[in-house]
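Q:
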Amino acid sequence: MVKVIFTENLKRHIDCPPCEVEAASVAEALAKVFAAHPRLGSYILDDQGGLRKHVMVTVDNNLILDRESLSDPLDQNSEVYVLQALSGG
Amino acid sequence: MGIRALIATRKGLFRLNQDKTLEPVDFLGVPVSMTLAAENRKYWYAALDHGHFGVKLHRSEDSGKSWQEINCPSYSGAESGDEKPKAFSLNLIWSLAYADDGPGDKLWAGTVPGGLFYSKDAGLSWHLNEYLWQKNIEQSWFGGGFDSAGIHSICVDPRDHNEVKIAVSCAGVWVTRDSGKSWKNCSKGMRAEYMPPDRAYDVTIQDPHLLVQCATNPDHLWVQHHNGIFKSSDNAASWQEVRDVEPSVFGFATAVHPRDPECAWFVPGVKDECRIPVDGKLVVTCTRDGGKSFEKLTAGLPQQPSYDLVFRHGLDIDKSGEQLLLGSTTGNLWLTENQGNHWQCLSTFLPPIYAVRFL
Chain H
27 MVKVIFTENL
37 KRHIDCPPCE
47 VEAASVAEAL
57 AKVFAAHPRL
67 GSYILDDQGG
77 LRKHVMVTVD
87 NNLILDRESL
97 SDPLDQNSEV
107 YVLQALSGG
Chain Y
19 MGIRALIATR
29 KGLFRLNQDK
39 TLEPVDFLGV
49 PVSMTLAAEN
59 RKYWYAALDH
69 GHFGVKLHRS
79 EDSGKSWQEI
89 NCPSYSGAES
99 GDEKPKAFSL
109 NLIWSLAYAD
119 DGPGDKLWAG
129 TVPGGLFYSK
139 DAGLSWHLNE
149 YLWQKNIEQS
159 WFGGGFDSAG
169 IHSICVDPRD
179 HNEVKIAVSC
189 AGVWVTRDSG
199 KSWKNCSKGM
209 RAEYMPPDRA
219 YDVTIQDPHL
229 LVQCATNPDH
239 LWVQHHNGIF
249 KSSDNAASWQ
259 EVRDVEPSVF
269 GFATAVHPRD
279 PECAWFVPGV
289 KDECRIPVDG
299 KLVVTCTRDG
309 GKSFEKLTAG
319 LPQQPSYDLV
329 FRHGLDIDKS
339 GEQLLLGSTT
349 GNLWLTENQG
359 NHWQCLSTFL
369 PPIYAVRFL
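For the protein sequence lines, the chains are H and Y, in the order given.
Take the numbering used here: the last position of the first sequence gets the number 115, and nothing is skipped along the way.
Take the numbering used here: the last position of the second sequence gets the number 377, and nothing is skipped along the way.
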């Protein structure tokens, strides 16, 4: 199972517990998490479905490359961290 | 204790009580870009601007005691006109207005990057105004203060709610008379110093910083523009520039008396990027004769070096026309109960103030 973990800083605003999902890409993993937590999606993605400018996502400790479509692949046991970028101030 | 006004700041929403005390309402630490509330309305709103996590909208149904997150306007599906669509996304809710006299479930939202949205169900769903959005794309509206254009002023005509005026930085003043089905640019007479001379009177590039409408004499409107003050006495059909106002015609905020359309207030600063009080003295200017003459109101405002900037929504006037609130980026808040003849400083410790709004 893929593990998706959200930054502590987001918990101040919305419930976002760690989730375990089956997914082959970041997009698929996040879609499954957001299906269970409908309000959470807009905190991470912009109106066009891309990653928000000041949000970072890592897969197994590496920043994802595709911030628009989130097509970066996942392994069966990947860890996905959704983090607050320092660029946001 | 009753609430006199709400204060939207860089670090949360605050309330000014009738006894002039201040206390936090909610959203501590989060920028509140705009709030919409009134004593007789069921629904109150607060727009948040999370730096990292996007714009959010909250609604209260118990006069601000508790707030629930509701849906936000979205640019998903907004046409860009380009072969390669631009990734438009909501950057800021800059203005909110009740669309009629009801409980507050029908409302307009002006946003950056330049879309006007309408909700008829208290924010459950939002609809981008397509007519205006196409004008934005066709005319290449550009940003004033932000990277993209923004709608900061919404005036719903008290005589006919189907008539709405908005002001855009930078695309001038627009008017609809059919609830937004069609719009017309009504900026004739406005002048832009920041463009090549041949385009100075181009109505589509004007930068009104704020548009206000007299509540009981709605044909009369005032605009604090990027390079001047403009007045209309014919329901925005034409605008006359008010020149030679000391200490400066540059500023963001303006307020008009609800019953006397010739009486308006402004908060001047040093243009353009400097944006501090002229000579370090914070003053409010007031005309009582439609702009023929102005009085400098200084009593109670800092006349030693001060660096207060008052944003466009940082000045408000109450329904009586006697009280005005003035909130600055330095976190200072002043109240006058006699039209500005004397200002009382209520706090010097608030976060930077984005908007003040009497209930």
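Ideal placement from N, C-alpha and C gives every residue a C-beta, glycine not left out.
(1) Does the Cβ-Cβ distance between Y372 (chain Y) and T348 (chain Y) come in under 8 Å?
(2) Name the DSSP beta bridge partners of E46 (chain H), please?
(3) Helix, strand or coil, according to DSSP, for F60 (chain H) in the structure here?
(4) Provide the residue span of the beta strand (DSSP E) that contains S365 (chain Y), from first to last.
(5) Alpha carbons only, please: which of Y:S197, Y:G122 and Y:D175 is nearest the one belonging to L150 (chain Y)?
(6) I'd like to know whether the C-beta of Y107 (chain H) is nearer than 8 Å to at least one C-beta of chain C.
(7) State the Cα-Cα distance for the pair T354 (chain Y) and H275 (chain Y), rounded to the nearest angstrom.
(8) Pick out whichever of Y:L368, Y:H145 and Y:L364 has its Cα sitting closest to the Cα of D37 (chain Y).
(9) Suppose contacts are defined by Cβ-Cβ distances below 8 Å. Is P286 (chain Y) in contact with F268 (chain Y) by that definition?
(10) Report the residue from Y:S187, Y:D262, Y:K138 and Y:Y212 whose alpha carbon sits nearest the alpha carbon of L229 (chain Y).
(11) I want to verify the contact list: residues of chain Y whose CB lies under 7 Å from the CB of D73 (chain H), in sequence order.
(12) Tell me whether I40 (chain H) sits in a helix, a strand or coil according to DSSP, three-state version.
(13) Write down every uninterrupted run of the alpha helix (DSSP H) in the segment 47 to 114 of chain H whose length is 4 residues or greater and which is fully enclosed by it, in chain order.
(14) Which of the three DSSP states is assigned to K153 (chain Y) in this structure?
(15) May I ask which residues mark the beginning and end of the beta strand (DSSP E) holding Y136 (chain Y)?
(16) Please decide whether V62 (chain H) counts as near chain Y, where near means a Cβ-Cβ distance under 8 Å.
(17) Would S68 (chain H) pass as an interface residue toward chain Y - the criterion being a Cβ-Cβ separation below 8 Å?
(18) Does chain Y have any CB closer than 8 Å to the CB of R93 (chain H)?
(19) In chain order, what residues of the same chain lie with their CB nearer than 7 Å to the CB of G358 (chain Y), ignoring the 5 residues before and after it?
(20) Restricting to Cα atoms, I'd like to know which of Y:H360, Y:W352 and Y:I223 is closest to T366 (chain Y).
(21) Would you call S171 (chain Y) buried or exposed, if buried means 16 or more other Cβ atoms sit within 10 Å of its Cβ?
(22) Can the beta-carbon of L108 (chain Y) be found less than 8 Å from the beta-carbon of A117 (chain Y)?
(23) Looking only at its chain, what residues have a beta carbon closer than 6 Å to the beta carbon of K6 (chain Y), apart from the 5 residues adjacent to it on each side?
(24) Taking 6 Å as the limit between beta carbons, can you name the residues of its chain near G246 (chain Y), skipping five residues before and five after?
(25) Between P265 (chain Y) and the rest of its own chain, which residues show a CB-CB distance below 6 Å, the 5 nearest in sequence each way excluded?
(26) Going by C-alpha to C-alpha distance, which of H:V47, H:C45, H:V30 and H:N35 sits closest to A111 (chain H)?
(27) Take E105 (chain H) as the anchor and find which of H:C42, H:V47 and H:H39 has the nearest alpha-carbon.
(28) If we ignore side chains and look at the alpha-carbon of each, how far apart do Y107 (chain H) and L77 (chain H) end up?
(29) In chain order, what residues of the same chain have a beta carbon less than 7 Å from the beta carbon of G318 (chain Y), not counting five sequence neighbours either side?
A: According to the structure data:
(1) Indexing the second sequence from 1 puts residue 372 (chain Y) at position 354. Indexing the second sequence from 1 puts residue 348 (chain Y) at position 330. It is not a contact, given that the beta carbons lie outside the stated cut-off.
(2) Counting from 1 along the first sequence, the entry for residue 46 (chain H) is found at position 20. According to DSSP, which records beta bridges pairwise, E46 (chain H) is partnered with H:K29.
(3) On the first sequence, residue 60 (chain H) is found 34 positions in, with the first residue counted as 1. In this structure, F60 (chain H) counts as helix in the three-state DSSP scheme.
(4) Within the second sequence, the letter at position 347 stands for residue 365 (chain Y). Residues Q362 to S365.
(5) Start at 1 with the first residue of the second sequence, and residue 150 (chain Y) comes out as number 132. For the residues Y:S197, Y:G122 and Y:D175, the minimum Cα distance to L150 (chain Y) belongs to Y:S197.
(6) No chain C is present in this structure, whose protein chains are H and Y.
(7) Within the second sequence, residue 354 (chain Y) is the residue found at index 336, counting from 1. Within the second sequence, residue 275 (chain Y) is the residue found at index 257, counting from 1. When rounded, the distance between both Cα atoms is 14 Å.
(8) For the purposes of this step, residue 37 (chain Y) is identified with residue 19 of the second sequence, where counting begins at 1. For D37 (chain Y), the nearest C-alpha among the options comes from Y:L364.
(9) Residue numbering aside, residue 286 (chain Y) sits at position 268 when the second sequence is read from its first letter. Residue numbering aside, residue 268 (chain Y) sits at position 250 when the second sequence is read from its first letter. Closer than 8 Å, so yes.
(10) Stepping through the second sequence from its first residue, residue 229 (chain Y) is reached at position 211. The residue with the shortest Cα to Cα distance from L229 (chain Y) is Y:S187.
(11) Taking the first residue of the first sequence as position 1, residue 73 (chain H) is located at position 47. Near D73 (chain H) (Cβ distances below 7 Å), the residues of chain Y are S92, Y93, S94, F106, S107 and L108.
(12) As a position in the first sequence, residue 40 (chain H) is number 14, starting the count at 1. It is coil, neither helix nor strand.
(13) 52 to 62 and 67 to 70
(14) Within the second sequence, residue 153 (chain Y) is the residue found at index 135, counting from 1. Helix, per DSSP.
(15) Residue mapping note: residue 136 (chain Y) aligns to position 118 of the second sequence, counting from 1. L134 to S137 is the extent of the beta strand (DSSP E) around Y136 (chain Y).
(16) Here residue 62 (chain H) refers to the residue found at position 36 of the first sequence. The sequence shown places Ala at residue 62 (chain H), not Val. Not closer than 8 Å to any Cβ of chain Y, the Cβ of A62 (chain H) fails to qualify, so no.
(17) For this step, residue 68 (chain H) is matched to residue 42 along the first sequence. Yes, because at least one Cβ of chain Y sits closer than 8 Å to the Cβ of S68 (chain H).
(18) Here residue 93 (chain H) refers to the residue found at position 67 of the first sequence. With 8 Å as the cut-off, R93 (chain H) does not count as an interface residue toward chain Y.
(19) As a working note, residue 358 (chain Y) is residue 340 in the second sequence. Taken in chain order, the residues that qualify are W283, V302, C304, L315 and L342.
(20) Here residue 366 (chain Y) refers to the residue found at position 348 of the second sequence. The residue with the shortest Cα to Cα distance from T366 (chain Y) is Y:W352.
(21) Against the second sequence, residue 171 (chain Y) aligns to sequence position 153. In the assembly as shown, S171 (chain Y) is a buried residue. Its beta-carbon has 16 or more other beta-carbons within 10 Å.
(22) In the second sequence, counting from the first residue as 1, residue 108 (chain Y) sits at position 90. In the second sequence, counting from the first residue as 1, residue 117 (chain Y) sits at position 99. Contact: no.
(23) Residue coverage of chain Y in this structure runs from 19 to 377, which leaves residue 6 (chain Y) outside it and unanswerable.
(24) By 1-based counting over the second sequence, the position of residue 246 (chain Y) is 228. Excluding sequence neighbours, G246 (chain Y) sits near E259 and V267.
(25) By 1-based counting over the second sequence, the position of residue 265 (chain Y) is 247. Once the five neighbours on either side are set aside, the close Cβ partners of P265 (chain Y) are P286 and V296.
(26) On the first sequence, position 85 is the one that residue 111 (chain H) refers to. The residue with the shortest Cα to Cα distance from A111 (chain H) is H:N35.
(27) As a first step, residue 105 (chain H) is located in the first sequence; it is residue number 79 there, counting from the start. Of the listed residues, the one whose Cα sits closest to E105 (chain H) is H:V47.
(28) The count along the first sequence starts at 1 and reaches residue 107 (chain H) at position 81. The count along the first sequence starts at 1 and reaches residue 77 (chain H) at position 51. Going from the Cα of Y107 (chain H) to the Cα of L77 (chain H) covers about 13 Å.
(29) Within the second sequence, the letter at position 300 stands for residue 318 (chain Y). So the list reads W352, H360, W361, Q362 and C363, once near-sequence residues are dropped.
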